[in-house]
Structures are given as structure tokens and as C-alpha cells.
DNA sequence: AAGGCAAACGCATACGTATTCAGCGCTGCT
DNA sequence: AGCAGCGCTGAATACGTATGCGTTTGCCTT
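Structure, rendered in C-alpha cells:
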């Protein structure tokens with residue numbers, strides 16, 4: 001009504017008795033603007049509620065001060081919840097972006113779609129953060145496209161895909177070792193592993209490797225019959241644990257490749273009348289929020305999602321500013337609760 | 001290297017032997033462009049990897065095809081996880097945005113900050129989705145600002161704040177009734193409620209009202225000593241349940257105002273040696289993902305976050321297109337698991 | 001044969017900001 | 001007095017797209 005259109009820098013200029021470029025300079029903090037002039041301009045701007053039009057600004061500057069966060073997962077039954085570990089990371093990513101003056105575009109894609117072309121190309125974002133697991137062949141192809149297009153991006157995950165951009169990940173081998181050390185220190189000797197250990201799931205495979213290495217160093221030969229494949233959902237963990245029980249190969253501990261798997265395994269053990277941690281110790285991985293809510297609360301290997309989110313954002317911003325790409329491994333940490 | 005700069009519509013125009021405006025029209029699907037011409041332009045565009053610059057496009061069109069999602073919560077101990085119910089909604093909001101051709105900017109704010117000025121004013125978003133609980137006085141002031149600035153927004157929450165924009169919420173009264181009906185049908189007669197029931201927490205208050213109304217209709221006078229305040233965190237539910245037990249007022253069921261509270265209450269009951277559901281039935285509210293993972297799995301009143309997210313996005317898009325504002329109440333649903 | 005009409009397209013320009021370059025007034029130095 | 005240099009500002013323009021309006025062409029009408 002009073003002001004039908006949003007004010008522009010020209011309006012401010014007119015009111016302040018200066019030219020539009022001076023307004024732009026003043027508001028961006030250019031030191032060539034006289035201090036008094038800047039004060040006057042800023043006062044007028046806040047008074048009439050002027051805000052820089054970020055579309056025009058981005059167009060002119062060639063950058064948008066926006067990052068895009070892409071969740072993707074391949075076998076996506078519609079309505080499926082997003083991986084809780086990634087969701088937990090979201091909070092820290094959001095906070096870090098805010099601190100650094102970036103906005104965050106969020107998107108949820110199927111790995112098989114064309115997500116890799118949709119953001120930086122359209123100039124809506126200066127760089128991409130990729131969070132997702134899935135078919136590693138397809139993933140590799142997408143990453144190659146991104147590298148070819150010189151898109152700025154960082155990725156969370158296994159450090160497997162070398163040369164394909166910057167990766168930040170958890171030291172999964174170390175995580176596996178921590179789990180094994182802990183279980184051994186509790187007197188357990190027949191350690192089972194639930195989770196896919198093939199090269200299609202490098203994170204899980206590394207966790208398993210570390211887990212086995214530590215056992216070997218302690219003079220224990222890991223029994224391959226105690227490794228059961230499972231995907232990172234509760235149901236899959238439940239099934240795998242049932243199968244483990246059905247196999248009748250004795251075991252006194254389970255290291256689950258993720259907390260969701262561990263939760264499913266817990267359920268299977270309890271339904272089978274096993275006491276946790278009396279008969280069987282259980283250790284999970286991730287430390288998702290639900291891990292402390294299980295009964296009994298789950299001992300797990302925590303990935304520090306606060307540090308992870310911050311590292312992703314800061315590394316990406318560095319990358320955009322043409323700083324060197326690097327690979328960063330974050331150390332996991334053992335959280336002892338009541339299942340071990 | 002080969003193409004140092006990203007291609008523009010002028011490049012496409014030159015290659016196709018037409019003018020730039022024709023390229024723009026062709027790619028936007030303008031029917032005045034000849035079918036053959038469009039095909040040719042589209043072929044060239046995909047071939048050289050052209051993408052519309054959304055900054056320029058947004059600037060010219062005066063809209064960004066982007067929505068902004070704002071989480072906020074007031075007492076924000078740094079590092080706190082975001083409310084899991086809102087997080088669960090995120091997936092459906094993302095999917096709906098994608099379906100409707102919108103991008104989503106996500107942000108995490110403190111209620112006390114200036115979030116309400118930061119998005120639509122800068123033209124980065126066409127509208128706002130607000131998710132958050134908190135101090136209702138402060139909230140009201142913020143909403144008034146938004147209305148005054150004619151910002152497009154929708155809000156999830158209690159329908160309390162009438163006239164302040166469009167609100168979508170769960171029918172909390174009905175949810176309370178469902179909980180009471182269910183517990184009564186299980187033969188329970190001494191029903192407790194854990195959660196703040198003051199007007200500062202309209203959602204909880206409404207749940208409590210519906211809960212009491214149904215009891216009254218069944219000829220049962222709700223005992224005010226069986227209502228204990230609690231905020232929506234696990235710890236608070238734990239404390240409240242302990243207090244309830246300490247009061248020595250007999251009860252055979254607990255309706256918790258949220259699942260997090262219910263999870264805390266479960267823990268308190270089990271530590272006190274009470275059997276669930278043998279001695280005490282427990283019903284939660286929200287149906288967060290963790291609800292099915294408790295032991296025993298939690299009976300709860302589900303808010304359909306898929307429907308909620310879709311409703312929020314679609315209503316906001318309607319609002320942007322100047323369709324009438326409305327208030328929508330979504331029905332909750334009873335999910336019977338093992339705690340009742 | 002002349003006028004009318006619709007389809008298809010080009011010209012010019014606007015969106016609001018940021019930056020380059022030039023200009024102005026002034027000080028200080030030779 | 002003349003000139004370099006500095007501090008500050010304005011004029012002009014570029015960023016890439018979308019759109020109002022006018023123009024061309026071919027075809028149909030009477």
C-alpha cells in the first residue's frame with residue numbers, strides 16, 4: 001500500500017542524496033566510502049526496510065553464497081525416511097552454513113536421477129554437499145561427471161573413490177578396531193559381525209576389516225560363519241540376527257555395521273530369549289539419536305556428526321575459494337552404554 | 001577449458017540460427033514457438049549442456065521458485081538435535097517441493113533472531129514454511145511482522161494464533177480423545193497425562209482437553225493430580241514419570257504429550273519395576289521413527305507427516321498464487337503397538 | 001486482387017546490483 | 001604556479017533472462 005514495490009538501492013540513493021553505486025558500496029562495506037555517508041545510508045536502509053535483492057546480486061557477482069545439500073539413496077521406496085545419521089548431520093551443517101554466511105538448499109534425490117547437473121550449473125548454488133550411500137558404480141559415474149564439469153563439491157563417505165573430488169569420512173577401520181577391542185576387553189571371544197562386507201559397501205567392509213584385524217592381533221581367528229550380510233535398516237538387522245541364531249554357531253557378541261542393524265538384532269535376540277548383555281554383547285555404529293533410547297541403551301561407535309557437518313561445509317567453502325582439495329578422516333569414538 | 005564460460009541463451013541462439021528470445025521461449029514451453037524450432041533448440045541445449053541461469057531468471061521474473069523452510073526453537077542449547085518429528089516431515093516436504101518444481105532453502109534459527117526478515121525480502125524465496133515451538137508471545141510478534149510485510153507463509157502448529165497467516169496443524173483434541181478411548185477400551189480407568197497443559201503450549205493443552213473430555217463422557221472424573229508437566233524431551237518425561245510414581249496416587253495408564261516424553265516415562269516405569277503394559281499402559285504422540293524401536297514398541301497417536309508436509313507445501317504454493325488462506329486440521333491416527 | 005488474420009519470430013528493454021573507469025576537489029610538494 | 005596524488009563519488013555498463021510489442025510471412029476470404 002504505502003510502498004507497493006520493494007525498495008531498491010536507487011530508492012535509498014535518492015533518499016540519501018547519493019548515487020546508487022555508492023549505496024551498493026556502502027552496504028557491502030567498501031572502505032572507499034566515507035564513514036559518515038555509510039552511516040547515513042545504513043540508517044535509511046534499515047529504516048525503510050531495504051534488503052539487497054540476492055538474485056540481482058548473485059547474477060552480477062557470479063556467485064550465490066548458497067550451498068546445496070543433496071541426500072540420495074538408490075533403492076528408494078517412496079515414503080522412506082531419510083537415513084537418521086544424515087539427518088543428524090543436517091543440524092550441524094545448517095549451523096555452520098549460517099556461521100559462514102551461506103544459505104543451504106536441500107534436496108532429496110534418487111541416485112539414478114540427474115541430480116548432479118541441477119544445482120551448480122543453474123548458478124543457484126556455489127557448491128554441493130553429497131550425502132548418500134548406494135550403488136557405487138553409478139555413484140562413481142556421477143562423480144566423474146561432476147569432476148569433468150568442474151563442479152565444486154565435497155562428499156561424505158568412504159575414501160574409496162580416490163581422485164573423484166574431495167571426500168570426508170569416518171575412519172571406519174578404526175571404528176571396527178574400537179568395537180573389537182571393547183568386546184575383547186569385556187571377555188568376549190566369539191565375535192559376530194552383521195552387515196554387508198562386500199566392496200559394494202566400502203564403509204561396512206572397512207569396519208569389518210578393522211574388526212577382524214584387531215581380533216587377529218589378539219590371536220583370535222575370526223570365524224567367517226559369524227559374518228552375516230545386512231543393509232542398514234532395522235528389518236534387515238532383525239533377519240540377519242535370526243539367521244545367525246539359526247546357524248547354531250556359538251557367539252557371545254555382535255558388532256552391527258550400523259545402529260539400525262543393531263536395533264533389529266537386539267529385537268531378534270530378545271525374542272529368542274537371549275539376555276543382552278548377559279548372553280550376548282551388542283555394539284552398533286553411528287550413534288543415531290535412537291541409540292540411547294533402546295532397551296537396554298545401545299553401546300555404539302559414534303561418528304561425530306557435529307564435527308562432520310562442520311568439516312564438510314568448511315572444506316567445501318575452501319574448495320570454492322580454490323584452496324587445495326584434501327581427504328579428511330574423522331576419528332570415531334566408543335560410547336559405552338548398557339548392551340556390552 | 002574447451003568452454004571456459006558457461007553457455008548462455010545467446011550461444012544457443014547463435015547455434016540454432018534464431019534470436020535469444022526465441023531460445024528463452026522455446027525452453028520455457030511457450031506455444032508460440034514452432035514445434036520444429038523448439039526441438040532443434042532443445043537438442044542443441046542438451047548437447048552443449050546449457051542450463052538456465054536461475055539467478056537471471058529469478059531476477060527477471062520476480063520470483064525464485066524456491067521455498068524456505070525455517071526450523072526454530074527458542075531455548076537452543078548449541079548442538080541440540082532438531083525435533084525428530086519436524087525432521088521426519090522434512091522428507092515429505094522435500095519430495096513435494098520437487099514434485100511441484102520448487103527448490104527448498106533450509107534454515108535453523110532461534111526464535112529470538114531476525115529470521116522473519118531474511119528470506120522473502122531478499123527475493124531468495126517466494127514463501128516460508130515455519131516449523132517450531134517456543135515462546136508464544138515472541139512467536140506472535142514475529143508472525144505479526146510477517147503479515148504486515150505481506151510475506152507468504154504457512155505455519156505448522158496449533159491453530160491458536162488466528163488471523164496470523166495460514167496454519168496447518170494436527171487435530172490435537174481428537175488425538176487426545178483417541179488416546180483416552182483406546183485406554184478406556186483396554187479397561188484402564190486411572191489415566192495420567194504427562195506434558196505441559198498450560199496455554200503456553202497450545203498443542204499439549206488441546207491434547208489434554210480432548211483426553212479429559214472423553215473421560216468425562218465415559219463418566220470418569222479426571223484426577224488433576226495425575227497431570228504432570230513436562231517438555232518434549234526424554235529427560236523431562238523421565239523426571240515427570242518419577243514424580244508421578246513418587247506421588248503415590250494410583251494410576252494404570254499414561255498418555256504422554258509426545259513420544260519423547262513417553263520414552264522417558266517408559267524408562268522411569270521400568271526402573272521402578274513396573275511392567276508395561278501389565279501394570280501401566282503407555283500411549284505417546286507423534287509416531288516419531290524411534291517409537292517403533294522402543295522396548296516394548298510404543299503405542300502412539302500418529303501425526304501423518306507425509307500428509308502434513310504435502311499440505312504445507314501445497315498450501316504455501318496456493319498462497320503465493322494468491323489463493324485464499326485457510327486453516328487445515330489433519331486427523332491423527334491411533335497406532336497400537338505393545339505398550340497398551 | 002486487396003485486405004485480413006494468425007503463426008512465428010526479432011528488437012528493444014527491464015529486472016537490481018556490482019564494478020570499472022573517469023572526474024572532481026583538495027592537499028602538498030617542487 | 002603547476003603537477004602529482006589521494007579521497008571520495010558518479011556515469012556507464014555488464015550480468016543473463018523474459019516479455020511487450022512490432023514485423024514478417026504465408027494463407028484464406030470475398
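Chains as they are written, first to last, in full-length UniProt numbering: chain A, 1 to 340; chain B, 1 to 340. Glycine is no exception: its CB is placed at the ideal position from the N, C-alpha and C atoms.
The alpha-carbon separation between residue 50/B and residue 138/A amounts to approximately 23 Å.
Annotation: residue 108/B to residue 72/B spans about 6 Å, alpha carbon to alpha carbon.
With respect to the C-alpha of residue 203/A, the residue from 167/A, 185/A, 335/A having the closest C-alpha is 167/A.
Distance from residue 158/A to residue 206/A at the Cβ level is roughly 7 Å; contact confirmed, criterion being Cβ atoms closer than 8 Å.
Counted as a single uninterrupted DSSP element, the beta strand (DSSP E) harbouring residue 286/A occupies residues 281-286.
It is roughly 57 Å from the alpha-carbon of residue 278/A to the alpha-carbon of residue 122/A. Taking CB atoms only, residue 336/B has no neighbour in chain A less than 9 Å away. At least one C-beta of chain B is nearer than 9 Å to the C-beta of residue 123/A. Those residues of the segment 52-76 of chain B placed with their C-beta closer than 7 Å to a C-beta in chain A are 52, 53, 54, 55, 56, 58, 59, 64, ordered along the chain. Counting every other CB atom within 10 Å of its CB across the protein chains shown gives residue 283/A a total of 16 or more, marking it as buried.
Setting aside the 5 residues that flank it on each side, residue 126/A is surrounded in the same chain by 63, 64, 320, each with a C-beta closer than 6 Å to its C-beta; the list follows chain order.
The DSSP assignment places 281-286, 299-302 as complete runs of the beta strand (DSSP E) inside the segment 259-313 of chain A, in order along the chain (cut-off: 3 residues). Shown here for residue 191/A: same chain residues with a beta carbon closer than 6 Å to its own, the five before and five after excluded, namely 183, 253 in chain order. Listed along the chain, the chain B residues whose CB falls inside 7 Å of the CB of residue 258/A amount to none; the nearest CB is some 13 Å away.
In this structure residue 52/A is not in contact with residue 15/A, their Cβ atoms being roughly 16 Å apart against a cut-off of 8 Å. Taking every protein chain shown into account, the CB of residue 227/B has 16 or more other CB atoms within 10 angstroms, so this residue is buried. Under a criterion of Cβ atoms nearer than 9 Å, no residue of chain A is adjacent to residue 163/B; the nearest Cβ is some 18 Å distant. Rounded to whole angstroms, residue 124/B and residue 69/A show a C-alpha spacing of 17 Å.
Chain B has no Cβ within less than 9 Å of the Cβ of residue 222/A. In this structure, residue 261/A and residue 237/A form a Cβ contact; the two beta carbons are roughly 3 Å apart against a cut-off of 8 Å.
A straight line joining the alpha-carbon of residue 255/A with that of residue 186/A spans about 13 Å. For residue 107/B, the secondary structure class from DSSP, reduced to helix, strand or coil, is strand. Annotation: the segment 12-68 of chain B contains the following complete segments of the alpha helix (DSSP H) (minimum length 4 residues), in chain order: 20-28, 35-48, 54-61. Under DSSP, residue 149/B shares a beta bridge with no residue. Bridge pairing for residue 73/A: 110/A, 133/A [DSSP]. Secondary structure of residue 318/A (DSSP, three-state): helix. Interface with chain A (9 Å Cβ-Cβ cutoff): residue 103/B is included.
Listed in chain order, the non-local C-beta contacts of residue 296/A below 8 Å within the same chain comprise 276, 277, 337, 338, 339, local neighbours out to five positions each way being set aside. Secondary structure at residue 169/B: strand, using DSSP grouped into helix, strand and coil. Rounded to whole angstroms, residue 106/A and residue 142/A show a C-alpha spacing of 18 Å.
Contact annotation: residue 82/B and residue 45/B have beta-carbon atoms that are not nearer than 9 Å. For residue 333/B, no alpha helix (DSSP H) encloses it; the enclosing beta strand (DSSP E) starts and ends at 333-335.
For residue 271/A, no chain B residue has a C-beta closer than 9 Å to its own C-beta; the minimum C-beta separation is roughly 11 Å. The DSSP-derived three-state label of residue 231/B is coil. By the criterion of a C-beta distance shorter than 7 Å, residue 9/A is surrounded in its chain by 20, 23, 24, once the five residues flanking it on both sides are discounted. 9 Å or more divides the Cβ of residue 317/A from the Cβ of residue 61/A.
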